[in-house]
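Report on one structure; see the data block that follows.
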Amino acid sequence: MLASMANQRASSSSAAFPKSREYQVFLSFSGEDTRHIFTDHLYSDLCKQGIYTFRDDDDLRRGEEISRALLTAIEESKISVVVFSKHYAFSNWCLDELVKILDCQESKQQQVIPVFYKVNPSDVRNQRGSFGDALAYMECKYKENMQKVNKWRAALSQVASLSGFTLDEHESESKFMQNIIEGISQQVIDRTYLYVTEYPVRMCHPVENILKLLDLGEKDVRMAGLWGTGGIGKTTIAKAVYNSIAHEFEGSCFLESVRECSIWRRRGLAKLQENLLSEILRDRNLEVANVHKGATMIKHRLSCRKVLLVLDDVDDMDQLHKLVGACDWFGVGSRIIITTRDKQLLTAHCVNLIYEVKILDDPEALELFCWHAFKRSEPPLGDYVKFAERAIRYAQGLPLALEVLGSYLYGGSIDKWEAALDGFKSRKIQDVLKISYDALDYIVKEVFLDIACFFKGKSRRDVTEILLVAGGLNPMYSIEVLIEKALISVEGNQILMHNLLEEMGKDIVRQESPGEPGQRSRLWFHEDVYHVFANNTGTNRIRGIVANFPNQDDKICLNLKSFSTMKNLKIFIIRNGCISGDIGCLPRSLLLRWNRCHLQPFNRNKERGERLKAKKASAIAAKDKGRRLLHECTEKQKVVMKSRLEQGRLNLLMEWRFGLEEDYGPTVGDDQ
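In the UniProt record's numbering, the protein residues as written are 1 to 672.
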């Protein structure tokens, strides 16, 4: 019965998502006068930027009519770039493309970017010069079909009136090309869909209901909340809504993981304000000095703009006050969507439009589970049906639990399923999620805990490099296993982990020693780090320390006694804070990264530095954007010394600044 109901759901759930378009950019041009000079270079440079571009000489599929293929390519592209040149309007093919492009601009909200290559925009708009000659020729050729010619004239006038790029007489073509590439790249980024989910089960109904609450036809400013427990799918639904309506606004921004970013990122809310303004205003160089100025900037600069803004995972009133203070902060027609586990936050902020995200019903739960357990929408016949029904009962309709359970059981025999499900009886959701962790190999467990405690949201490449250097845990294999088990995901090279799984991982580490942080394998909370160093309670159980201190006045004193008991410390990454003490006491084979730290004089000489070099302590230190020099040192005292240190199979660049007198310390770096 459940399987048949899942079939009914399967056909409808996919409709909640727009079909992913095949091309990002469609190039419309006259081959006669631009193909082998300008357009070839434009096409090549777009491809080098990773922008999938349609060009009719090498992207047509065999067996398709060229006209149909071109029309389809236009329909499936996000952006059309029209290269107007001297002979463009002499091609009825180009003119037909232009009409189709405008149709898609109106019906699909596609972006159209005109490029005027050695022609005057006013000549195109008013059909003068070569464009006047071309349309006169077309009138003679199609005198029996003047309606078509009039459509061409209107299309030329309309596109030539749009903002685009014009090659001036004195401008170099290379600079002109660079400006076009930068403009198109930004448009592609702005119009790229957010990744939602591989299996979009139960999306239609919530998305439709939220769109009704938002009612884009109304001109007022509206704030709507998505409320529900963790792991229930609030973020997934919010992304689906965002994708479906973002094109309706002058600017849009999806701020993910607001709770986490507010706590752990440097400058917290100010950085979120900066991201919000940069995304909507399309100004990557915009900076916010502090949260108070940021709030003022949002109110003043967005009050006349129609924007779409999503705040994901809000857990504090201050986040709402500083990011979306009131409706009058935003222009007419703006829509603000807030996801949270706390309904009271929405009520207190006068958000009256609230959609409760509920657990999946049985047919929906079965379908989602089956996609992960069998890679199909229903279970195979036989015993798997009853076991699948048991599994969805244990998951209690929570999408995250269904994904983790399904991925854990994928490919297993009936005996494995029965044994596993017998172990799920009377377990809480957190315990059900832990089943997948418990089944991992030791090395994969270690990588899971490293990601949960230290590296959620970081780049896959960076995490892989750090873990290789720190302990040779074969992170490439482990990360692949964690992806297969649905314990992490990777989007655009960024490692993501659900909040519930992150909390589970951190709780596993806390339980190693509930009362004394120095007895745990990993330290990430800055107060725990301070406690361990201040009280010398570190032990050889500590494998990694990665902490973000709230401000640069918090001091961590490095001393021989503290480190002498941390013989197994492999990773020591500190963001912010003020570091002082005896740096020569660092353990051997230590991966060290100090980002945005003020370094007090260490009162050690160059020979001390050579001793550190001999100990083979490794460091990864990125240069600070502001090129700030060491605290309390004059320009004359600064000397940069670079030495390559070998550790295992890797050669890592360690960069230190040595004073000509006694002071030295590592280069201040920016978090990468």
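Each residue gets a CB set at the ideal place from its N, CA and C atoms; glycine is no exception.
| query | result |
| --- | --- |
| Y43 beta carbon less than 8 Å from that of F84 | no |
| Paired residues, beta bridge with P114 - DSSP | V82 |
| Per DSSP, the bridge partner or partners of R522 | G544 |
| DSSP three-state assignment for F26, whether helix, strand or coil | strand |
| Boundaries of the alpha helix (DSSP H) in which D415 is found, first to last residue | 414-422 |
| Host alpha helix (DSSP H) of F254 (start-end) | That residue, F254, is in no alpha helix (DSSP H); its beta strand (DSSP E) goes 251-255. |
| Test item: CB-CB of A348 and K322 under 8 Å | no |
| Start and end residues, alpha helix (DSSP H) containing M566 | Where M566 is concerned, there is no enclosing alpha helix (DSSP H), given that its DSSP letter is neither H nor E. |
| Selection from K416, G382, K375 that minimises the alpha carbon distance to E403 | K375 |
| Nearest-angstrom Cβ-Cβ length linking L226 and T339, presumed shorter than 8 Å | 4 Å |
| Inter-residue Cα distance where the pair is E182 and V490 | 26 Å |
| DSSP bridge partner residues for G491 (one or two, in chain order) | For the sequence presented, residue 491 should be read as Glu rather than Gly. Answer by DSSP bridge pairing, in chain order: Q494. |
| Distance, I435 Cα to M317 Cα | 35 Å |
| CB contact flag (C253, E279, <8 Å) | yes |
| Inter-residue spacing [alpha-carbon to alpha-carbon] between V205 and V241 | Note that residue 205 is His in the sequence shown, not Val. The alpha-carbon atoms of H205 and V241 are separated by roughly 11 Å. |
| Beta-carbon proximity list for N209, same chain, < 8 Å, skipping 5 on both sides | Y355 |
| Same chain, Cβ closer than 8 Å to W371, five either side skipped, listed in chain order | E198, Y199, V201, S377, G406 |
| Nearest-angstrom beta carbon gap, Q187 and Q110 [assumed within contact, 8 Å] | The pair is not a contact, with the Cβ atoms about 11 Å apart (cut-off 8 Å). |
| Per DSSP, cross-strand counterpart(s) of T339 | L226 |
| The segment 446-458 contacting the segment 408-428, beta-carbon criterion three pairs below 8 Å | no |
| Range of the contiguous alpha helix (DSSP H) that encloses I220 | The question names Ile, but residue 220 is Asp in the sequence shown. Looking at the DSSP string, D220 is not in any alpha helix (DSSP H), and its letter there is neither H nor E. |
| Bridge partner(s) assigned by DSSP for W594 | I574 |
| Cutoff 6 Å; reference C327; Cβ partners in own chain excluding five residues on either side | V221 |
| Any C-beta of chain D under 8 Å from that of T340 | The structure shown contains no chain D, having only a single protein chain. |
| Among C94, D528, E173, the one whose alpha carbon lies nearest that of W152 | C94 |
| Buried/exposed call for N352, threshold 16 Cβ in 10 Å | exposed |
| CA-to-CA distance, D507 to A452, given in whole angstroms | 10 Å |
| Distance between I571 and G544 (C-alpha atoms, nearest Å) | 5 Å |
| Secondary structure of F262, DSSP reduced to three states | According to the sequence shown, residue 262 is Ser rather than Phe. S262 falls in the helix class under three-state DSSP. |
| Whole-Å CB distance - Q158 paired with V258, under 8 Å assumed | Not quite, the Cβ-Cβ distance comes to about 41 Å (not below 8 Å), so this is no contact. |
| Straight-line Cα distance separating R460 from G492 | 9 Å |
| From P517, F29, N145, residue whose alpha carbon lies closest to that of S91 | F29 |
| Bounding residues of the alpha helix (DSSP H) (the contiguous stretch that carries L468) | 460-471 |
| Contact under 8 Å by Cβ, R335 with L433 | no |
| Beta-carbon contacts of Y142 that lie in its chain and below 7 Å, excluding the five residues immediately before and after | K148, V149 |
| First through last residue of the beta strand (DSSP E) which encompasses V201 | Careful: V201 lies outside any beta strand (DSSP E) and carries neither H nor E. |
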